[in-house]
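Protein chains in written order, with the numbering used here: chain W, 26 to 501; chain X, 26 to 501. Cβ coordinates follow ideal geometry from the N, Cα and C atoms, glycine included. Beneath this line is the structure, given in structure tokens, with notes to follow.
Number of protein chains: 2
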Amino acid sequence: MAQELFPDGIRAVNIGVAEFALPPRAHGATVLDLDWRPPAEADPALGLLVARLEDDAEGEIGGQVAAANRAAVARILEARPVLTAIRTAAEVLPGLGARTILHAGPPIAWARMCGPMRGAAVGAILYEGWAASAEAATLLCEQGEIAFAPCHHYGAVGPMAGILSPSMPVAVVENAGAGNRAFATLNEGLGKVLRFGAYGSEVLERLRWMAETLAPALGAALAAHGPVDLKALTAQALLMGDECHNRNVASTSLFTRLIAPALVRTAPTAVAARILEFLEGNNHFYLNLSMAACKAALDAAHDIPHSTVVTAMARNGVEVGIRMSGTGAAWFTAPALVPQGLFFPGYGPDDANPDLGDSAITETMGIGAFAMAAAPAIARFIGGSPEDGLRYTREMYGITLARNGDFGIPALGFTGTPTAIDARRVVDSGVTPVINTGVAHREAGIGQIGAGVIRAPLACFTQALSALGRQSGLVP
Amino acid sequence: MAQELFPDGIRAVNIGVAEFALPPRAHGATVLDLDWRPPAEADPALGLLVARLEDDAEGEIGGQVAAANRAAVARILEARPVLTAIRTAAEVLPGLGARTILHAGPPIAWARMCGPMRGAAVGAILYEGWAASAEAATLLCEQGEIAFAPCHHYGAVGPMAGILSPSMPVAVVENAGAGNRAFATLNEGLGKVLRFGAYGSEVLERLRWMAETLAPALGAALAAHGPVDLKALTAQALLMGDECHNRNVASTSLFTRLIAPALVRTAPTAVAARILEFLEGNNHFYLNLSMAACKAALDAAHDIPHSTVVTAMARNGVEVGIRMSGTGAAWFTAPALVPQGLFFPGYGPDDANPDLGDSAITETMGIGAFAMAAAPAIARFIGGSPEDGLRYTREMYGITLARNGDFGIPALGFTGTPTAIDARRVVDSGVTPVINTGVAHREAGIGQIGAGVIRAPLACFTQALSALGRQSGLVP
């Protein structure tokens, strides 16, 4: 009988500590090692909390959690983010103050900001005309004259430093499902750009061109064309090797091809040509639209009491923070680490800033690294092999509650992307969300020095569950 | 010892006829069945010929064949097809006569042409103004007033009916490697189009717009932009789910994005907008450019004495024909069959025209169905699964001489596409080249009714080898 259960002559299975298999092996038995770890980091209190949150027996809280999560999943899957307009941040971001600068990740004060974020903030101050020099801009920050807040607090998202100031243009994405809106800056391209902390004249000139020329022209083209269905566009791009975080070639090409006729009809020739050139030269233009689409979908699932679905993961270069649907506005943070990946020639891990940017909103939505199986060519950009991509996506099915049928992955027989991260599953399994990311130089203004993969820290998820436990009276 | 060689308790291997395994199985032995067939269709004379063509011992012909094939492979791999211009066929096709109409596939007379080809020929005659009605055009054809010849005889290729008349515009593709040129019509889009045999007023109007507006504007844009590197574009598209025969979404989007700025700068606004709309609405625009690029590469490998490399596969809707490098201008033909695949609602195999079009030039080059592993999403269009795609590509490695390192397939760890079909390997193995194809209705003008997969007939390859054998004095 044992031989039927365990083929290939296996006579014993060893669970956990590898050394336990040594004695039977020494006696000639073939032992199968099973990589098992106790749940919830072997913390009894945490394990008990997870068990309570999962227990949906009559009168137990798990039933409420399950129902809340079903609602959250439905709202994520039913979201229909459409790009409706390009507007100035001050016009559309609800309650954005005058001298306010938004940044990526969870809240952070100027004194603790990393180099690229400080550089980008200085650039935004110069761009806004609040100071005439970098020194004067720095002084304003040091003297507390600038209010800093996370983009996420205003329904917005920004890649890398994520710096967003009132007169910058933003893409307006409406969730035609739930009616909520989300915003993102427009992507500047690669090289010396604000989001990596550069603030030289070429950076500021490009930002002005984007505000004065690109934004109104793209807005007019959108008005003529009608709203662009970002869900359909992302779905198509996932069939074309994009994961819509670190690879956006297909989505940017599809978007350009879609909007070009209206752009040509509405903009002066020279403007249309210059914008089409800009789009041709920027393979990441769609990234910010992808991020806003994800934000719009996830915000619709936020603030559902008892839900353990993660609705944001974001990094400010010092800390990684997550938000969970059932714990409202709270951020649960842990120190940000340096991504593993490929560095551009001349750079290495010592040059790298810790993990930075709101772009992990894509993984929170189930694309980005969660859809790595859809983007085999990305291996050449972030390291690893196409097989790693399949492995990442399969692993993420273990910590998510749904598969997004609208986002089929060809290499997995069109199985949907792993969607709705359940903090219970993360804590229970110790498997943390994987995130694709660019790597910024730790000094402001040098720019991108690599790309790679990182994990969201487990501590964020244990804190979130503990907070929910306290809220629910399960833990003191 | 036997148990080490054959794990899983296998005690015997049965080669060939399945029934031979029954007696040992009846006695309880585990028998592994090996799907083996005798080489060269078990034809002793053919088998001997293949053996002689493969024997590269001192003084044997196989050495000459091997050297010729190495040269052919090098010319295919070194080809650098670039799109340089859009011109009128009469201007650039060498020696194209006045009342000549080119068609897809090997030579065929009017009397034997299939419905879609006849319809397209009638359309071309109306378009050229050689007749005022379909009846009059048909009469011209019946009376022998029109000279018909294969596109391939003029360095050109055309999808489906492949009808090309003197005043139609063609894409001019130069092989920057060898200096030769190839041509293809511009793709009309789907629906009622000439290449499926439709010749109504909307079809002719579109053709006139393409000649009078699209072609000069695209030509001017190309002149302003500079030549477009089609090898690089195809390579990029293969990373994005195209196989550049039946799926051209990525390549068309990349091409549009590339040429749009120059188009906007050189064409009047309304023209540029209309062209960008046309490109936005035609996911197959790149097909014809892909075909011309393949033709340019393969023509460079044609006419190398003794080479058994296949340089063209083409279908006229009645017969499939191939050309082999070492046998010059000769076509080796066999009856065309109906493709296996998915039919549009309301249609089935009985409505289908047998295999049609020059587009199998893509498979001859090692893309199209040969690169199906790169295009998992195509399964939804032609039937089958992404696994079938991997299987097709792997199978084609068995009948080709090289892997094209410039055309990496992500799902196969960036292994190059299977390149340079060796007629010896086809005949030896009985494995025939797989071809992706659209399916035309057998009546003119109804259009595409499905898409699927078909195999080039083995008889074409046995004939080609026999001809080479005769040429070389190996067979009488």
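CB-CB length for residue i against residue j, believed under 8 Å
i	j	result
X/Leu-323	X/Ile-434	That pair is no contact at about 20 Å.
X/Ala-504	X/Val-345	Because chain X is modelled from 26 through 501, residue 504 of chain X falls outside the range shown and cannot be assessed.
W/Asn-307	W/Asn-212	6 Å
W/Cys-319	W/Ile-386	5 Å
Delimiting residues of the alpha helix (DSSP H) encompassing residue i
i	result
X/Met-390	386–390
W/Arg-137	Looking at the DSSP string, W/Arg-137 is not in any alpha helix (DSSP H), and its letter there is neither H nor E.
W/Phe-208	No alpha helix (DSSP H) contains W/Phe-208, which is instead part of the beta strand (DSSP E) from 206–210.
W/Ser-178	Reading the sequence as shown, one finds His at residue 178 of chain W and not Ser. From DSSP, W/His-178 is part of no alpha helix (DSSP H); its letter is neither H nor E.
X/Thr-352	Note, X/Thr-352: premise wrong, no alpha helix (DSSP H); not H, not E.
Beta carbon proximity, residue i to chain X, threshold 8 Å
i	result
W/Leu-255	no
W/Pro-252	no
W/Glu-268	no
W/Met-235	no
W/Met-265	yes
W/Arg-290	yes
W/Ser-410	yes
W/Ala-96	no
W/Ala-298	yes
W/Ala-398	no
W/Pro-435	yes
W/Thr-294	yes
Which of helix, strand or coil DSSP assigns to residue i
i	result
W/Ala-162	helix
W/Met-193	coil
X/Pro-63	coil
W/Asn-313	helix
X/Glu-44	helix
X/Ala-27	For X/Ala-27, the pLDDT reaches just 40, beneath the cut-off of 50, and the residue's location in the model is therefore unreliable, although a value from the coordinates is still provided. Helix.
W/Glu-344	strand
X/Pro-501	coil
W/Asn-461	strand
X/Pro-379	coil
X/Gly-470	coil
W/Leu-57	strand
8 Å Cβ cutoff, residue i in contact with chain W
i	result
X/Ser-278	yes
X/Gly-438	yes
X/Thr-281	yes
X/Pro-286	yes
X/Ala-275	yes
X/Val-107	no
X/Pro-241	no
X/Leu-301	yes
X/Asp-116	The sequence shown places Glu at residue 116 of chain X, rather than the Asp named in the question. So, not an interface residue.
X/Gly-494	no
X/Glu-305	yes
X/Thr-389	no
Where the beta strand (DSSP E) containing residue i begins and where it ends
i	result
W/Gln-168	Run containing W/Gln-168: none; DSSP gives neither H nor E here.
W/Val-38	35–40
X/Ala-489	Where X/Ala-489 is concerned, there is no enclosing beta strand (DSSP E), although the alpha helix (DSSP H) it sits in stretches over 483–496.
W/Ile-111	106–113
X/Pro-141	Segment 140–153 is the alpha helix (DSSP H) holding X/Pro-141; no beta strand (DSSP E) there.
X/Pro-364	Neither: X/Pro-364 is in no beta strand (DSSP E) and is coded neither H nor E.
X/His-128	125–128
W/Ala-427	425–434
X/Ile-446	440–446
W/Ala-285	Run containing W/Ala-285: none in the beta strand (DSSP E); it sits in the alpha helix (DSSP H), 274–291.
Residue i: CB within 7 Å of a non-hydrogen atom of the ligand FAD
i	result
X/Arg-299	Because no ligand of any kind appears in the structure shown, any question about the ligand FAD cannot be addressed here.
Exercise. For the 8 Å Cβ check, are there 3 or more pairs between the stretch 248–266 of chain X and the stretch 99–110 of chain X?
Worked result: Because the criterion of three Cβ pairs below 8 Å is met, the stretch 248–266 of chain X and the stretch 99–110 of chain X touch.
Problem set entry | the stretch 214–222 of chain X / the stretch 463–473 of chain X touching (three or more Cβ pairs under 8 Å) | Yes, the stretch 214–222 of chain X is in contact with the stretch 463–473 of chain X.
Exercise. Given 8 Å as the limit, is there contact between the stretch 395–403 of chain W and the stretch 365–378 of chain W, that is, 3 or more CB pairs closer than that?
Worked result: With a cut-off of 8 Å, the stretch 365–378 of chain W and the stretch 395–403 of chain W do not count as touching, because too few Cβ pairs lie within range.
Exercise. Do the stretch 418–437 of chain W and the stretch 283–296 of chain W make contact, defined as three or more Cβ pairs closer than 8 Å?
Worked result: Three or more Cβ pairs closer than 8 Å define a contact, and the stretch 418–437 of chain W falls short of that threshold against the stretch 283–296 of chain W.
Exercise. Any contact of the stretch 235–254 of chain X with the stretch 327–339 of chain X, i.e. 3+ C-beta pairs under 8 Å?
Worked result: They do not touch, by the three-pair rule.
For this session: Check each residue of the stretch 346–364 of chain W: if its Cβ is closer than 9 Å to any Cβ of chain A, include it; give the result in chain order.
Result: Note that chain A does not occur in the displayed structure, where the protein chains are W and X.
Exercise. Any contact of the stretch 133–142 of chain W with the stretch 162–182 of chain W, i.e. 3+ C-beta pairs under 8 Å?
Worked result: The stretch 133–142 of chain W, when compared against the stretch 162–182 of chain W, does touch it at the 8 Å Cβ threshold.
For this session: Indicate whether the contact test is met: 3 or more Cβ pairs, each with one atom in the stretch 146–164 of chain W and one in the stretch 188–195 of chain W, closer than 8 Å.
Result: The answer is yes - the stretch 188–195 of chain W touches the stretch 146–164 of chain W, with three or more Cβ pairs under 8 Å.
Exercise. Is the stretch 484–500 of chain X in contact with the stretch 385–393 of chain X, if contact means three or more CB pairs nearer than 8 Å?
Worked result: Short answer: they don't touch.
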